[in-house]
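Following our numbering, the numbering of the sequence shown begins with 61 at its first residue and continues without gaps.
Some notes on the structure that comes next.
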Amino acid sequence: MRTLLAHIIFTAVLCICYDAAAFTQSLIVNSARPPMTQLMMQHISRRQLMISTISSLSASAGLSQSALAAPPLTAEEADNFQARLERGLRAKPARVLRQRMNIDFAVLLMRSSYNAVDQLDIVAMDQFQKDFFLIRQAEYKYYSDALGVGAMQQGDLADPNYFDFISFAQYATISREIVNPPSVFEEQQPVEVGEDQPQKFDAVVVRRDPTIRNSDLPRIHTEIVGNSILDKLIEKFGETASAIPTIEPGSRPDAGTFLAAIKQMVNLFTLSGFAWEGGASMVQSGSSIKDTQFSIIFTSPATLWSGQSLAAKKAAVTNDFVLKTVKALATRAGYRVVNDSVNYKGNQEITTFSVL
Numbered sequence: 061m062r063t064l065l066a067h068i069i070f071t072a073v074l075c076i077c078y079d080a081a082a083f084t085q086s087l088i089v090n091s092a093r094p095p096m097t098q099l100m101m102q103h104i105s106r107r108q109l110m111i112s113t114i115s116s117l118s119a120s121a122g123l124s125q126s127a128l129a130a131p132p133l134t135a136e137e138a139d140n141f142q143a144r145l146e147r148g149l150r151a152k153p154a155r156v157l158r159q160r161m162n163i164d165f166a167v168l169l170m171r172s173s174y175n176a177v178d179q180l181d182i183v184a185m186d187q188f189q190k191d192f193f194l195i196r197q198a199e200y201k202y203y204s205d206a207l208g209v210g211a212m213q214q215g216d217l218a219d220p221n222y223f224d225f226i227s228f229a230q231y232a233t234i235s236r237e238i239v240n241p242p243s244v245f246e247e248q249q250p251v252e253v254g255e256d257q258p259q260k261f262d263a264v265v266v267r268r269d270p271t272i273r274n275s276d277l278p279r280i281h282t283e284i285v286g287n288s289i290l291d292k293l294i295e296k297f298g299e300t301a302s303a304i305p306t307i308e309p310g311s312r313p314d315a316g317t318f319l320a321a322i323k324q325m326v327n328l329f330t331l332s333g334f335a336w337e338g339g340a341s342m343v344q345s346g347s348s349i350k351d352t353q354f355s356i357i358f359t360s361p362a363t364l365w366s367g368q369s370l371a372a373k374k375a376a377v378t379n380d381f382v383l384k385t386v387k388a389l390a391t392r393a394g395y396r397v398v399n400d401s402v403n404y405k406g407n408q409e410i411t412t413f414s415v416l
């Protein structure tokens with residue numbers, strides 16, 4: 061049942077992402093606007109379900125505060141003085157040449173991040189969707205105005221300027237929910253109804269795995285996202301000439317072998333439109349892989365502005381997708397990533413790390 065709820069809400073998020081009117085109207089989607097992509101066409105019926113979902117969620121306002129995770133966000137809080145001050149201090153989005161993203165890859169990055177939240181049981185997913193909407197709504201005009209008229213196709217996930225924005229909003233929401241959440245909360249979960257019946261919901265108590273400490277949640281979220289991305293790259297390219305070189309589990313390969321796998325993984329990110337160009341290298345080498353420092357540089361990545369903005373707000377988790385995937389690759393190889401950092405210089409994203 062909870063999986064069904066996650067699917068419904070993520071579909072709702074995608075529907076909003078593909079509808080330019082959603083941000084400037086209200087929480088109810090403007091169904092008069094024609095669908096923008098084939099993906100949107102595939103979700104028309106689910107979109108109507110989302111409208112019913114959001115309407116039904118108003119009942120959750122009566123839940124006791126102790127049964128919720130992070131306090132539900134309000135429109136006032138999303139656009140209060142502190143939020144406006146933070147926006148004013150942020151770096152403006154750069155108008156740089158970026159290639160369009162592969163839509164499947166863009167959805168993968170969004171979906172894996174969302175599914176990780178659902179798996180961790182840190183917040184009711186109906187609340188997450190509402191908080192996500194309010195953050196998007198509060199942030200959009202500032203971002204759009206800073207880019208300039210015509211610089212972005214609103215609602216188009218394959219547009220790197222729009223992806224940069226929506227990924228920021230998603231991770232700003234995740235970071236809000238993941239910090240010291242209670243282990244028990246109520247969630248509105250869908251009840252099966254007939255084809256033409258309005259969607260109904262039951263309040264269900266969700267309990268997180270008691271063995272997971274709150275302080276471990278950001279790390280586990282990173283692991284889930286990284287593994288999801290790596291699995292999909294292997295699934296899609298594993299039987300092709302573009303496959304990531306195979307590393308036997310726990311084999312702890314030498315630096316050259318590990319670098320070859322990282323290089324091809326970076327190539328696949330670039331091939332999927334994540335950046336204008338990308339490359340991986342060893343910037344410091346030693347007698348063993350433990351003495352080696354690796355570097356990945358993307359030029360004009362799809363997270364150029366959002367990555368910097370999330371770092372500036374000291375977000376609990378950031379959209380450092382390539383680093384998350386490297387960590388998954390390293391773990392499978394028998395290593396652990398240490399001394400990692402992501403920095404920005406001009407239109408470059410520079411990720412450095414070592415392994416033990």
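Note that beta-carbon positions come from the ideal geometry of N, C-alpha and C, so glycine has one too.
Exposed unless 16 or more other CB atoms sit within 10 angstroms - verdict on residue i
i    : result
D269 : exposed
D314 : exposed
S414 : buried
Q142 : exposed
V253 : exposed
P258 : exposed
Residue from the options with nearest C-alpha to residue i
i    : options                   : result
R155 : S204, L370, L290 and L217 : S204
L145 : Q189, Y202, P153 and F192 : Y202
P250 : F261, P242 and L364       : F261
F358 : V183, E295, L277 and N407 : N407
F297 : I280, Q324, A372 and S347 : Q324
L132 : I182, K152 and N175       : Per the sequence presented here, residue 132 reads as Pro, with Leu not at that position. Answer by Cα proximity: I182.
R158 : Q187, I410, T330 and N399 : T330
Cβ-Cβ distance between residue i and residue j below 8 Å
i    : j    : result
M170 : Q230 : yes
A375 : S172 : no
L319 : S302 : no
F165 : S360 : no
V265 : V244 : yes
L389 : A335 : no
R273 : G394 : no
K387 : G286 : yes
T385 : L290 : yes
V424 : E237 : With the chain running from 61 to 416 in the structure shown, residue 424 is simply not present.
R267 : D219 : no
Simplified DSSP state of residue i, which is helix, strand or coil
i    : result
I357 : strand
D186 : helix
I104 : At I104, the pLDDT of 32 sits below 50, so the modelled position is not reliable; the number obtained from the coordinates is stated separately. Correct three-state label for I104: helix.
E308 : coil
N274 : helix
R268 : coil
I410 : strand
V326 : helix
D262 : strand
G367 : helix
G286 : helix
P220 : helix
I280 : helix
Same chain, Cβ closer than 6 Å to residue i, neighbours up to 5 away in sequence not counted
i    : result
F225 : Y203
S355 : S341, V343 and T412
S288 : S172
Y404 : Q368
L370 : Y231 and T378
A135 : L194
V392 : In the sequence as displayed, the identity of residue 392 is Arg instead of Val. Result list for R392: P309, in chain order.
I304 : A321, Q324 and M325
D380 : V402
V398 : S414 and L416
Cut-off 8 Å between Cβ atoms - residues of its own chain near residue i, not counting five sequence neighbours on either side
i    : result
D256 : none
Q179 : I284
Contact test: residue i Cβ vs the ligand ADP heavy atom, cutoff 7 Å
i    : result
R158 : Judged by which ligands are present, the structure shown has none, so any question about the ligand ADP falls away.
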